[in-house]
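Student:
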Amino acid sequence: GRERINIAIDGPAGAGKSTVARSVAETLGYIYIDTGAMYRAVTLSALRSGISPDDRMQLSQHAESIEISLQPSSAGQVVLLNGCDVTIDIRSREVTLNVSQVSAVERVRVRLVAMQRQLARGKGVVMDGRDIGSHVLPDAELKVYLTATVEERALRRFKELDGRDGITLEQLEHEIAERDRKDQEREISPLVCAPDAIVLDSTSMTIEQVADNIVNLSRTKLAEAK
Ligand code: CDP
Ligand code: CDP
Numbered sequence: 008g009r010e011r012i013n014i015a016i017d018g019p020a021g022a023g024k025s026t027v028a029r030s031v032a033e034t035l036g037y038i039y040i041d042t043g044a045m046y047r048a049v050t051l052s053a054l055r056s057g058i059s060p061d062d063r064m065q066l067s068q069h070a071e072s073i074e075i076s077l078q079p080s081s082a083g084q085v086v087l088l089n090g091c092d093v094t095i096d097i098r099s100r101e102v103t104l105n106v107s108q109v110s111a112v113e114r115v116r117v118r119l120v121a122m123q124r125q126l127a128r129g130k131g132v133v134m135d136g137r138d139i140g141s142h143v144l145p146d147a148e149l150k151v152y153l154t155a156t157v158e159e160r161a162l163r164r165f166k167e168l169d170g171r172d173g174i175t176l177e178q179l180e181h182e183i184a185e186r187d188r189k190d191q192e193r194e195i196s197p198l199v200c201a202p203d204a205i206v207l208d209s210t211s212m213t214i215e216q217v218a219d220n221i222v223n224l225s226r227t228k229l230a231e232a233k
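To convert, count from 1 in the sequence shown and add 7; that's the UniProt record's numbering.
Right, here's the structure in full:
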């Protein structure tokens, strides 16, 4: 059919959101939107401009002065900052360590949420983040809260880094737990499980199992929407 829905995938770091969201989008022929990449791009840009992650006023003004855009690509998504490809740069440890503080600034969120809603207005998007089901797309037809134990999530990231950043598994687990705490405790649109979200614990599931599960849920929602 030609019916399309919006799918929101939220959850803590390393739960598998981006990997699974990309796969689900590919299966359904939908557009994948990684909102975390947008917060990372603002963070990278602010750090490059020498703005302190504590300076909320400067961060607000900075976020309103830069151009961020997402382009779907075969590899998932290319992130452009003022027209330059920063897809790789936004994954640096420096950005990861500062992104939660930048994301807590209200005007940063207002700007990015407006962009996200605009991207989703035509339906047919799979959007992953922290506040998608609870705030950005409260009317999304399918909301998934994807989680896993912090030990499992740290292990996944550890394998992914494969020695880069010279960080131990214990350190990584500590940093992930700390980022989760900041994301859950912030005042504006914190990471929460929306009341109407379906909770999936991926701790002992493969990427394929999680993706199949979400594709099946979306087919049910699509049938209901008709
Ligand atoms: O991929 P990873 O789990 O490391 O994080 P991400 O999805 O790239 O998001 C990076 C950070 O951006 C999160 O830790 C949040 O602080 C923030 N974020 C947010 O506040 N709201 C969103 N919708 C998405 C990300
Ligand atoms: O986007 P998020 O931070 O939630 O997680 P991700 O970046 O998609 O996934 C983190 C890592 O876990 C990736 O290397 C995935 O391949 C891996 N993963 C996994 O091993 N098993 C799953 N069920 C899901 C993801």
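No residue lacks a Cβ here, since even glycine has one placed at the ideal position from N, Cα and C.
With H, G and I counted as helix, E and B as strand and the rest as coil, what does DSSP make of L51?
Tutor: Residue state, collapsed to three classes: helix.
Student: At what residues does the alpha helix (DSSP H) containing I183 begin and finish?
Tutor: From DSSP, the alpha helix (DSSP H) with I183 extends over L176 to E192.
Student: What span of residues does the beta strand (DSSP E) with T154 cover, start to end?
Tutor: Per DSSP, T154 belongs to the beta strand (DSSP E) from L149 to T154.
Student: So within the region 26-82, which uninterrupted beta strand (DSSP E) runs reach at least 3 residues, ignoring any that extend past its ends?
Tutor: Runs of the beta strand (DSSP E) inside the region 26-82: 38-41 and 75-80.
Student: To the nearest angstrom, how far is the alpha carbon of A184 from that of V157?
Tutor: In a straight line, the C-alpha of A184 is about 7 Å away from that of V157.
Student: Just tell me which of V199, E215 and G170 has its CA closest to the CA of P19.
Tutor: For P19, the nearest C-alpha among the options comes from V199.
Student: Is the beta carbon of A204 within less than 7 Å of some heavy atom of ligand 2?
Tutor: Every heavy atom of ligand 2 is 7 Å or more from the Cβ of A204, so no.
Student: Between A184 and ligand 2, is there a pair consisting of the residue's CB and a ligand heavy atom that are separated by less than 7 Å?
Tutor: No, Cβ of A184 sits at least 7 Å from all heavy atoms of ligand 2.
Student: In chain order, what residues of the same chain have a beta carbon less than 6 Å from the beta carbon of S141, not counting five sequence neighbours either side?
Tutor: Cβ within range, chain order: V199 and A201.
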